[in-house]
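Q:
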Amino acid sequence: MSSSFPSQNPEVTLSLSFPSIPTNRSEDVNPEERGIKLIELLLSCAGHTSSGNLHHADACLRQILQHASINGDSMQRLSARFASALAARLVKRWPGLYKALNNTKPAWHDLDRAWSIFTQQFPCMAFAYSIIKQVLIQVMSHERIIHIIDLGSGDPNLWVPFIQGLGHVPDGSPHLRITFVSQDKVAQENIGARLVKEAESLDLPFQFNPVNVSLTELTLDMLKVKSGEALALISISSLHALLAEDDRVNSHFGSSKNNGVKDSKQMNEFLAMVKSMSPKVVLLVEQESDHNHYRLVDRFVEALHYYSAWFDSISVAYGEFSCTDRTMLEDMFGNEIENIVAGEGLEREKRHERYAKWMVRFGGAGFKPVRLWSGIMDEARIVVEAYGLKGYKIINEKASLMICWHDRPIYAVSAWTCFS
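The opening residue of the sequence shown carries number 1 in UniProt numbering; numbering runs sequentially from there.
1. By a C-beta neighbour count over all protein chains shown, 10 Å radius and 16 as the cutoff for buried, is HIS67 buried or exposed?
2. Looking at the structure shown, is LYS275 part of a helix, part of a strand, or coil, going by DSSP?
3. Where does the unbroken beta strand (DSSP E) through ARG371 begin, and where does it stop?
4. Quick check on this structure: which residue in LEU329, PHE162, ARG177, SER173 has the alpha carbon closest to the alpha carbon of GLN120?
5. Output the distance between the C-alpha atoms of CYS323 and TYR387, rounded to the nearest integer angstrom.
6. Which residue spans inside the segment 199-237 form an unbroken beta strand (DSSP E) run of at least 3?
7. How many Å lie between ASN102 and LYS92 at the Cα?
8. DSSP puts GLU397 in a beta bridge; with which residues?
9. Keeping to the same chain, check which residues put their C-beta closer than 6 Å to that of PHE419; ignore five residues upstream and five downstream.
10. If LEU242 sits next to SER264, beta carbons under 8 Å apart, how far is it from one beta carbon to the other, in whole angstroms?
11. Is it buried or exposed for PHE321, if we count other Cβ within 10 angstroms and need 16 for buried?
12. Buried or exposed for LEU54, please, with buried defined as at least 16 other CB atoms from any protein chain shown within 10 angstroms of its CB.
13. Which term fits LEU97, buried or exposed, when burial requires 16 or more other beta carbons within 10 angstroms of its beta carbon?
14. Strictly by DSSP, which residues pair up with HIS175?
15. What number of angstroms, rounded off, separates the C-alpha of TRP358 from the C-alpha of ASP155?
16. Within 10 angstroms of the Cβ of GLY35, are there 16 or more other Cβ atoms? Answer buried if so, exposed if not.
17. Hey, out of PHE206, ILE191, ALA187, whose CA is closest to ARG144's CA?
18. My guess is that LEU271 and ARG361 are in contact by the Cβ rule of under 8 Å, so how many angstroms apart are they, rounded?
19. Could you tell me whether the segment 55-66 touches the segment 293-313, where touching means 3 or more Cβ pairs closer than 8 Å?
20. I'd like to know whether the C-beta atoms of LEU231 and SER414 end up nearer to each other than 9 Å.
21. Kindly list the residues whose CB is nearer than 6 Å to the CB of SER50, restricted to its own chain and excluding five residues on each side of it in sequence; keep chain order.
22. With three or more beta-carbon pairs closer than 8 Å as the criterion, would you say the segment 340-357 touches the segment 399-413?
23. Can you tell me the Cα-Cα spacing of VAL316 and GLU288, whole angstroms?
24. By DSSP, does PRO161 sit in helix, in strand, or in coil?
25. For ASN292, which residues in the same chain have their Cβ closer than 6 Å to its Cβ, ignoring the five residues on either side in sequence?
26. For ALA193, is the classification buried or exposed, using 16 other Cβ atoms within 10 angstroms of its Cβ as the cut-off for buried?
27. Determine the closest residue to LEU86 out of GLY334, GLU32, VAL225, TRP159, with distance taken between C-alpha atoms.
28. Excluding five sequence neighbours on each side, which residues of the same chain lie with their C-beta closer than 7 Å to the C-beta of GLU379?
29. Give me the Cβ distance between ILE236 and ALA412, rounded to the nearest whole Å; I'm assuming they're in contact under 8 Å.
30. Which ranges would you report for the alpha helix (DSSP H) in the segment 282-338 if only whole runs of at least 4 residues count?
31. Do you know how far the Cα of PHE300 is from the Cα of GLY343?
32. Taking all protein chains shown into account, decide if TRP94 is buried (16 or more other Cβ within 10 angstroms of its Cβ) or exposed.
33. Are the beta-carbon atoms belonging to LEU176 and ALA199 less than 9 Å from one another?
34. On the DSSP letters alone, give me the boundaries of the alpha helix (DSSP H) that ARG62 sits inside.
35. In or out: ILE394 buried (at least 16 other Cβ within 10 Å) or exposed?
36. Determine the direct distance from the alpha carbon of ARG326 to that of GLY319, and round the result to whole angstroms.
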């Protein structure tokens, strides 16, 4: 982290960032040795940061700067993002300074563009959408009035093919209502217009219901669930945000359920609300990672393992080249990393949990998993293989389907229904 104050230019831009090249001749170092050294330095820096030892943390960051680079190999790029997140956590001790240094964060439209690149270039969302579409078509195939509640995805790549599938069911088109929950009013207007146009082209009875609130503000009456509807809820990388809580005080005394699952009043209430609607199916897509630890070092280690898979995958896709798309993707993941590492309390929303913990939460709320039949897995595998990226595979794990980068699961898709 550095700054300069040229006398002839009053406009000074400060940022928590790392250089595009290392500050020494680290390219002469064996990449494997450099990677091991960077991991050791990052873990040491995380420990010093957690304990509040600013002097030692600063010394570690100085050493990391000698080897990390946002334009290097995957480990150098990953290290630069994690070191920046640690620096942000340290600087947050001085809120004014942090705000001044943080004024060049990616804008929302940049993150939206990065997500679009992510869904186009990598197979994870196509994998999830394939499963969701197949489950919904099969579960709803004989229903005449269908209500889908989308808890935040709003992606036409999911809903347009689904509407097309419903438009060709043998028994004739059912009446479809999609409720889209989002704080982004523009996104709601865009997806609504797109879906209405698609439904009209198929002569499919359709109603779009935008609900412009966050999940924490959502109430049952906003969803306008009606008697006689076949109801389904879809959550794509949304539900974990409900686990955010002010856990900065007494962080070591939080109550837990079995399997080390932290109790969450907000999540319990939300799942109870969902259960009260008696949905035919709830489809959950979440990162297969565990970033909801109280202790910084615990979630730092987990995040380091998880995002190393992503940066490795990006490196395979783009090679040694740096380009705008790659930078935007790595900025998007860097934004997540900073929230996990530097955030605390309610601001730390990236509280991803593994499927095993979601099983405990959903089971405790009165849901049971729906086994995803082999045909769904086969179709999802075809979709993933169509991307042509070697290294991805699909596994079936305790009634969920997971997409992996080599042996590391990165996303899990599961379906749930109410206990009888």
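For glycine and all other residues, C-beta sits at the position ideal for the given N, C-alpha and C.
A: Concretely, from the data shown:
1. buried
2. helix
3. Careful: ARG371 lies outside any beta strand (DSSP E) and carries neither H nor E.
4. LEU329
5. 20 Å
6. 206-211, 230-236
7. 10 Å
8. SER400
9. GLY366, LYS368
10. With a beta-carbon spacing of about 7 Å, LEU242 and SER264 fall inside the 8 Å limit used to define contacts.
11. The residue in question, PHE321, is exposed, as its Cβ has fewer than 16 Cβ neighbours within 10 Å.
12. exposed
13. exposed
14. ILE145
15. About 24 Å.
16. buried
17. PHE206
18. 7 Å
19. no
20. When the beta-carbon positions are compared, LEU231 and SER414 stay at least 9 Å from each other.
21. Annotation for SER50: LEU296, VAL297 place their beta carbon closer than 6 Å to its own, counting only its chain and skipping 5 residues before and after.
22. In this structure the segment 340-357 touches the segment 399-413; the number of beta carbon pairs closer than 8 Å is three or more.
23. Answer to the nearest angstrom: the Cα atoms are 21 Å apart.
24. helix
25. LEU243, ARG351, GLU353
26. Exposed, by the Cβ-count rule.
27. The residue from GLY334, GLU32, VAL225, TRP159 with its alpha-carbon nearest to that of LEU86 is GLY334.
28. SER130, GLN134
29. Wrong, their Cβ atoms sit about 12 Å apart, outside the cutoff.
30. Qualifying alpha helix (DSSP H) stretches, in chain order: 296-318.
31. 12 Å
32. By the 10 Å Cβ count, TRP94 comes out exposed.
33. yes
34. 54-65
35. With 16 or more Cβ atoms within 10 Å of its Cβ, ILE394 is classed as buried.
36. 10 Å
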